[in-house]
Amino acid sequence: MHFTLLMVSVSAAIAFRFAWTSRSADWNTRWQWALGAFLFSPLLLITSAIAILWMGPRGRMVHAWDGWGSYGIAIAFLTIGILLFWQLAIQARRSLQRIYQLPQKTILSTPARFLQHPTPYIAQIGLWNPELVISEGLLETLDESHLQVALTHEKAHRHYRDTFWFFWLGGLRRLTAWLPNTEALWQELIFLRELRADRWAAQQTDGLLLAEALLSIVSASQVESEPWIAALSDSMPHSRLSERIDALLDESEPVKEKNPGIWIGLSIALLPLFMIPFHF
């Protein structure tokens, strides 16, 4: 029983990831589809491991090799997950300690940590209450109007708490790196995160100015961010940079429809927990 649950969960997680493809749809549908596809497999594996751990290695329908084997795999999987998140938390803490050592300045009425570095750089770094970091190179690259829209973009990341939520998504990414399409889904989510911040900023300021600021920063800097860093200059292929700019120049109203079916489907990942009361 336990081994069957484990094999069904692993097979379903792999098959679901194999079936995922990027969709050319409106932003909201694309975001929900990518996030649901990213979360389903790790949640199914985690809930299955928790269910096996809770039910224990013994039972009338469980053979000794089945019970203890599945029980050991579940413990190992959850332990690895805890260690990966712990490692990620330590890295985030060390980064924040370095950030807190930077001098604090007020730039266009916005408090920020000032980094003396010639490369243009602006990012939110942290978790729930991230710190805004701005480099000397950015101040030399952008004039006041373009700097203002760049600041608004970073305010969008703070508004959506992107650094906090992507910390947890980044941990799931490491835990399930062996699953198909994990990296492709991660890059899709990073891109859609930036697209969402662009849209939010464009509603507050001038989208054309933000597009110009984006081009200026990305052309001078390609940055590979950690999960707890949300940066305007996140590394991306040229095609996705063009897509971001096209979206900023698109003056049509964004679609705000939600697709509850995706989240109803995601609840299937919780089914292993409902097997616990029937264990005997």
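When you line the sequence shown up against my numbering, it's residues 11 to 290, in that order.
Backbone N, C-alpha and C define an ideal beta-carbon position, used for all residues, glycine too.
In this text the structure is predicted, and so the values were computed from the model without any measurement.
Distance between residue j and residue i (C-alpha atoms, nearest Å)
{"i": "R184", "j": "L54", "result": "16 angstroms"}
{"i": "L195", "j": "D216", "result": "30 angstroms"}
{"i": "Q197", "j": "T116", "result": "32 angstroms"}
{"i": "L218", "j": "T129", "result": "23 angstroms"}
{"i": "L112", "j": "S105", "result": "11 angstroms"}
{"i": "V228", "j": "I90", "result": "36 angstroms"}
{"i": "A59", "j": "K165", "result": "38 angstroms"}
{"i": "M71", "j": "F26", "result": "Per-residue confidence for M71 stands at a pLDDT of 49, beneath the threshold of 50, marking its modelled position as unreliable; the derived number appears in the next sentence. Straight-line Cα distance between these residues: approximately 29 angstroms."}
{"i": "T192", "j": "F50", "result": "12 angstroms"}
{"i": "L189", "j": "L118", "result": "45 angstroms"}
{"i": "F124", "j": "P52", "result": "38 angstroms"}
{"i": "W138", "j": "W78", "result": "40 angstroms"}
{"i": "I200", "j": "A211", "result": "17 angstroms"}
{"i": "F28", "j": "P140", "result": "35 angstroms"}
{"i": "A160", "j": "F176", "result": "20 angstroms"}
{"i": "F290", "j": "I62", "result": "Caution is warranted here: a pLDDT of 49 is assigned to F290, below 50, making its placement in the model unreliable, and no coordinate value can be reported."}
{"i": "L93", "j": "F87", "result": "10 angstroms"}
{"i": "Y131", "j": "F284", "result": "48 angstroms"}
{"i": "G82", "j": "Q126", "result": "50 angstroms"}
{"i": "D172", "j": "A99", "result": "16 angstroms"}
{"i": "L152", "j": "L276", "result": "43 angstroms"}
{"i": "L205", "j": "I239", "result": "15 angstroms"}
{"i": "H156", "j": "A257", "result": "18 angstroms"}
{"i": "W41", "j": "Q213", "result": "19 angstroms"}
{"i": "G300", "j": "H169", "result": "This structure does not reach residue 300, given that the chain is present from 11 up to 290, and the question cannot be answered."}
{"i": "E154", "j": "Q114", "result": "19 angstroms"}
{"i": "M17", "j": "I24", "result": "11 angstroms"}
{"i": "T39", "j": "P282", "result": "27 angstroms"}
Buried/exposed call for residue i, threshold 16 Cβ in 10 Å
{"i": "I21", "result": "Note on residue identity: the sequence assigns Ser, not Ile, to residue 21. Per the 10 Å Cβ criterion, exposed."}
{"i": "D208", "result": "buried"}
{"i": "V143", "result": "buried"}
{"i": "I274", "result": "exposed"}
{"i": "Q134", "result": "buried"}
{"i": "G66", "result": "exposed"}
{"i": "H167", "result": "buried"}
{"i": "Y110", "result": "exposed"}
{"i": "D260", "result": "exposed"}
{"i": "R203", "result": "buried"}
{"i": "T31", "result": "exposed"}
{"i": "R103", "result": "exposed"}
{"i": "R254", "result": "buried"}
{"i": "A122", "result": "buried"}
{"i": "A187", "result": "exposed"}
{"i": "T14", "result": "exposed"}
{"i": "L280", "result": "exposed"}
{"i": "S252", "result": "exposed"}
{"i": "W43", "result": "buried"}
{"i": "S145", "result": "buried"}
{"i": "H1", "result": "Since the displayed the chain opens at 11 and closes at 290, residue 1 lies outside it and no answer follows."}
{"i": "H12", "result": "buried"}
{"i": "Q158", "result": "buried"}
Residues bridged to residue i (per DSSP)
{"i": "Q114", "result": "R123"}
{"i": "I239", "result": "I135"}
Cβ-heavy atom distance, residue i to the ligand ATP, below 7 angstroms
{"i": "S155", "result": "This structure does not include the ligand ATP; it has no bound ligands of any sort."}
query = Counting only runs that start and end within the region 129-159, where is the beta strand (DSSP E) found for 3 or more residues in a row?
reply = 132-135 and 141-145
task = Would you list, in sequence order, the uninterrupted alpha helix (DSSP H) runs of no fewer than 4 residues that lie entirely inside the region 161-242?
result = 172-185, 192-214 and 217-230
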